[in-house]
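First comes the structure, then the notes that go with it.
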Amino acid sequence: MADREPILEVSHLVKHFPLTQGILFKRQIGAVKAVDDVSFELYQGETLGIVGESGCGKSTVAKLLMNLEQPTSGSIRYKGEDISRLSGRALKAVRRNIQMVFQDPYTSLNPRMTVGDIIGEPFEIHPEVAPKGDRRKKVRELLDVVGLNPEYINRYPHQFSGGQRQRIGIARGLALNPEIIICDEPVSALDVSVQAQVINLMERLQNEFDLSYVFIAHDLSIVRHISDRVGVMYLGKLAEIGTDSQIYDHPTHPYTQALLSAVPQPDPEVRDSRERIILSGDVPSPANPPSGCRFRTRCWKAEDRCAEEVPLLAVPERFAKADTGVAHPSACHFAEERDVVHV
Amino acid sequence: MPETEATNLSKAVQATGAPATDVAVTEDGQPAPMAESGPVPGRPRSLWSDAWHDLVRKPSFLISAVVILVLLVMAAWPSLFTSVGPRTADLSNHYLQKPQLTHFFQPEWLGYNQQGQSIYARMIYGTRASIVIGVSVTVLVLVFGGLIGMLAGYFGGWLDAVLSRITDTFMGIPFLLGAMVVLVSFETRTVWTVTLALAFLGWTTIARVMRGSVIAIKQSDYVMAARSLGAGTWRILLRHVLPNAAAPVIVVAMIALGGYITAEAVLSFLGIGLSDPAISWGGDINRAQKQIRVAPHLLLYPSILLSITILSFLMLGDAVRDALDPKLR
Amino acid sequence: MSIEMTKAEVPGVPLLEVRDLHVEFHTRDGAAKAVNGVSYTVDAGETLAVLGESGSGKSVTAQTIMGILDMPPGRITGGEILFRGEDMLKMSEEQRQRIRGDKIAMIFQDALSALNPVLSVGFQLGEMFRVHRGASRREAKARAIELMDRVRIPAAKERVNDYPHQFSGGMRQRIMIAMALALEPDVIIADEPTTALDVTVQAQVMDLLAELQRDFQMGLILITHDLGVVADVADKIAVMYAGRIVENAPVHELYKRPAHPYTKGLLESIPRLDHKGKDLYAIQGMPPSLTAIPKGCAFNPRCPMAQDVCRTDIPPLAEVLENDGGPIGGRSSACHFWKETIHG
């Protein structure tokens, strides 16, 4: 993988939301450090999963990647070009290549537009993609690609079920033939029996169109299923990143281990034998994160060093030569392997 | 109350209302051929047509709509309803005569006033002033208040701060008192003077409602989706924000319309609304109050018509609100 | 009429039994049949998981038991809810009130909207004792602190006067649990108690709930869509689909060999944490509209095994037996082809 050029390269991405006071004359009294120095790469045709609990900054990462928010600092390079500070025509051109699928299929489609207008809107904004006469035909093709009856083109979103709506959202994301699709919790609002349909559809589309996905979710099982590589986020920082096997079978960061061990497994045979790490307390506020390692307030391994020194996301030295899955970046001073998934 | 199943239920009911079959996806994830045997897909139903579907089944809507329709016709072609003009005076028709209640829709039906003019004819001809003022104030307020609210809500920042403070300032002026102050400065007051005075003070409510719903819609996922497609500000405002923000604003405007008619009547009653010789319910009620002991009907009949008109607009607004907001169902 | 009546353990009679319950909702598109003949029982110290997707009727059943169903548009069209053998639907409102809250308590998914935002949590907890037990203000507060300690809210003494929004999601859910526990009920109904919580907090809350249930020997009805949570805590499971129970089974049995194609499909469609796996099996189609439930077996349009009989006859909830006809115990399936599903 290293010999290829990444299609998307995120480096030292930071997003702070200022906290202000006052009505007409605002003054800043602090900042929510939603994303704080996050770096990763995405390669052509792969899926990078990003997992984390609410408030860890994963949705802000999605918005930054989509240029819906401006980063405080850091860069997002698409094929070598920093896109995070583009605007106007240049930004519009880049948007064709990076599209998004949203979490809630009930709020991400304009309720007063027909399905045809929703999926056709990308062509109206980017008329060069499809000539006017072709658009209806294109929309019908897209409906067919995502497994919906093209006859439904004049229907309104509320006439569809959640799963069907998510297919409409995917069709809209595909319209401009993008190379990258950012998926922000694309199945978490769907029923269990419908989730698998949408996951399978996304995998099929990835193969068909050679898409690269950034797949953001809190469901660790789904992320493992769909991702080639996985990054674990905690309080605005990446705690650990690696291939799916490195993260799930050889986790070395205590947070990843706790997270994985807490996932209830659909297997009653393992419920008594499984080792579970129950973390105490809640995630601290991102407006006032702990010094040093952000996880230290809930970590059972924390020592003085953790409060003073921010651990860097790098392959721990003692694992650097290992030929197992432990040799992957982990932001912990005391990284050690612990398999919590398999019994 | 937990909203879990209740909302899920309504979603399920709603969602599967028309296309009852999803496309079959086989085990390997390939879509199976379309199931043609499924039920014939229902016709497209927009939210507006859904609301209309609900409205025409609501008695309160039907009644108020019919009344309002009659009032509109009255305002446009008053001569259809009465054979005498409102200014035709015949002093042999004394105002102490009892109304001839059995002579339906005849000039003498509801009696005469002190000048010997038919009360019935004056009520019919007075409709125009009320309706024209009510409707034009509403239209002006919608355009102006809507624009201010939309700009403030969508662009936010300093523009919002400035526009919202201006709105607050106007909101602080008592509506009727403000209108009186404005109107007193005019020598003659026509329908248009009164309209402008009311609109000048009345736009704030609409601006606030509009601002609120635009702020909510601005943050919605479908606006995010449009932005991530590269849609420009105007496209987002006209295609996404306005159609969705319109519903609550229209409802507020409909309910406010009744209020504007009241305001006109009150101003005319106080003698600072329409100046003579304009015919308006409020003016007639004002003139009738001196005879209230001997001839209460002079005051009674125009008041009843005024109340019916206001009530109809309120009922219409209420019914439309229920139809547009499924959560209240 | 006496309180003693409800206290007594009646041998051979389940703690709580729902029998052939039917509930409908009035909607624009006609009657939505949310619950169509649901029966289940729960005993002291037992955890029954009711598993189903949105619209399966799992929450409506629970709301009917608690008497918090919105009526209208809801309407109970048949069935019984027996608490220690007495039908609650036939009781006077006063008798019912005494059982609900005192004997049966509920935990909701969204703690923030279930707690009153303008009253302190201590007041709301204490209210249970003041209203139901006639405790004094001071006494009630002391009991509230005790309860908050019991659900392991740190620094309960200092936090008793805080308001709901000052607590995190996990802590609020603990307060909900404390509230449900306050009067030491016999049955707790938990409707998706951890769905809104993060994974690590979810584990804390679920652990606490299981522990308290064990300590107080309560009957627990856990309503959820999460197959993982069910596997972790349930003793027995009722799977619901389109307002009916399609399968009953002890927890180990259900996961090992499901006897209904819907259950089987669900289990195969969830990705695993411990290995990557190949393509997911996907149940085709989507849950039916409750105003137009398919004829015959409600699952037939989505079922890979469906035959003609499934399109005409509603399958009864039949006892599931071993291949040789021997009993399994506690298992039933509403499928014409349960034999083929479990043994084939």
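Protein chains in written order, with the numbering used here: chain A, 1 to 343; chain B, 1 to 329; chain C, 1 to 344. A virtual CB, placed ideally from N, CA and C, is assigned to each residue, including glycine.
{"Check": "Residues of the segment 45-56 of chain A in Cβ contact with chain B at a cutoff of 8 Å, in chain order, please.", "Outcome": "none"}
{"Check": "What alpha helix (DSSP H) runs, 4 residues minimum, are completely inside the segment 193-254 of chain B?", "Outcome": "221-229"}
{"Check": "What residue range does the beta strand (DSSP E) around residue 278/A cover?", "Outcome": "Where residue 278/A is concerned, there is no enclosing beta strand (DSSP E), given that its DSSP letter is neither H nor E."}
{"Check": "Hey, could you find the ends of the alpha helix (DSSP H) residue 262/C is sitting in?", "Outcome": "261-269"}
{"Check": "Provide the residue span of the alpha helix (DSSP H) that contains residue 144/C, from first to last.", "Outcome": "137-150"}
{"Check": "Just list the residues that DSSP pairs residue 33/A with in beta bridges.", "Outcome": "16/A"}
{"Check": "Answer yes if the segment 287-298 of chain C comes into contact with the segment 229-247 of chain C, meaning at least three C-beta pairs across the two stretches below 8 Å, and no otherwise.", "Outcome": "yes"}
{"Check": "Please report how far the alpha carbon of residue 327/C lies from the alpha carbon of residue 201/C, in whole angstroms.", "Outcome": "40 Å"}
{"Check": "For the segment 207-234 of chain A, which segments carrying the alpha helix (DSSP H) assignment without a break, of at least 4 residues, lie completely within its bounds, in sequence order?", "Outcome": "220-226"}
{"Check": "Can you give me, in chain order, the residues of the segment 218-232 of chain B that have a beta carbon less than 9 Å from any beta carbon in chain A?", "Outcome": "220, 221, 222, 223, 224, 225, 226, 227, 228, 229, 230, 231 and 232"}
{"Check": "Would you say residue 248/A faces chain C, with C-beta separation under 8 Å as the test?", "Outcome": "yes"}
{"Check": "I need the boundaries of the alpha helix (DSSP H) containing residue 302/B, first residue and last residue.", "Outcome": "297-324"}
{"Check": "Excluding the 5 residues preceding and the 5 following residue 83/C in the sequence, name in chain order all residues of the same chain whose CB lies nearer than 6 Å to its CB.", "Outcome": "16 and 99"}
{"Check": "How far does the alpha helix (DSSP H) with residue 166/A in it reach, from first residue to last?", "Outcome": "162-174"}
{"Check": "Given a threshold of 16 other Cβ atoms within 10 Å of its Cβ, counted over all protein chains shown, does residue 247/C qualify as buried or as exposed?", "Outcome": "buried"}
{"Check": "Using a C-beta cutoff of 8 Å, does residue 330/A count as contacting chain B?", "Outcome": "no"}
{"Check": "Taking the alpha-carbon positions, what's the residue 156/C to residue 75/C distance?", "Outcome": "42 Å"}
{"Check": "Can you tell me whether DSSP reads residue 40/A as helix, strand or coil?", "Outcome": "strand"}
{"Check": "Note down, in chain order, all residues in the segment 285-299 of chain C with a beta-carbon under 8 Å from any beta-carbon belonging to chain A.", "Outcome": "286 and 287"}
{"Check": "With a cut-off of 8 Å, does the C-beta of residue 225/C fall near any C-beta of chain A?", "Outcome": "yes"}
{"Check": "Can you tell me the Cα-Cα spacing of residue 250/C and residue 151/A, whole angstroms?", "Outcome": "45 Å"}
{"Check": "Given a cut-off of 8 Å on the beta-carbon distance, is the pair residue 148/C and residue 178/C in contact?", "Outcome": "yes"}
{"Check": "According to DSSP, is residue 10/B helix, strand or coil?", "Outcome": "For residue 10/B, the predicted structure reports a pLDDT of 41, less than 50, and the residue's modelled location is therefore unreliable. The matter cannot be settled from this model."}
{"Check": "Please name the residue in 178/B, 207/B and 191/B whose C-alpha comes closest to that of residue 154/B.", "Outcome": "207/B"}
{"Check": "Could you pull the DSSP bridge partners for residue 332/C from this structure?", "Outcome": "248/C and 319/C"}
{"Check": "Just the C-alpha distance for residue 238/B and residue 210/B, rounded to the nearest angstrom, thanks.", "Outcome": "14 Å"}
{"Check": "How do the segment 111-121 of chain B and the segment 225-242 of chain B stand: do at least 3 beta-carbon pairs fall below 8 Å, yes or no?", "Outcome": "no"}
{"Check": "Roughly how many angstroms lie between the CA atoms of residue 337/C and residue 233/C, to the nearest whole one?", "Outcome": "29 Å"}
{"Check": "Using only alpha-carbon positions, find the residue among 283/A, 281/A and 254/A that is nearest to residue 306/A.", "Outcome": "254/A"}
{"Check": "Under 7 Å, CB to CB, which of the residues in the segment 44-60 of chain B have a partner in chain A?", "Outcome": "44, 45, 46 and 47"}
{"Check": "Taking a cut of 7 Å between CB atoms, which residues from the segment 52-67 of chain C lie near chain A?", "Outcome": "53 and 54"}
{"Check": "Give a yes or no on whether the C-beta atoms belonging to residue 136/B and residue 195/B are separated by under 8 Å.", "Outcome": "yes"}
{"Check": "Could you tell me which of 269/B, 254/B and 304/B sits nearest to residue 290/B, measuring between CA atoms?", "Outcome": "269/B"}
{"Check": "Within the continuous alpha helix (DSSP H) that includes residue 151/A, where are the two ends?", "Outcome": "From DSSP, residue 151/A is part of no alpha helix (DSSP H); its letter is neither H nor E."}
{"Check": "Between residue 174/C and residue 151/C, which are expected to be in contact by the criterion C-beta below 8 Å, what is the C-beta distance as a whole number of angstroms?", "Outcome": "4 Å"}
{"Check": "To the nearest angstrom, report how far apart residue 179/B and residue 89/B are at their CA atoms.", "Outcome": "32 Å"}
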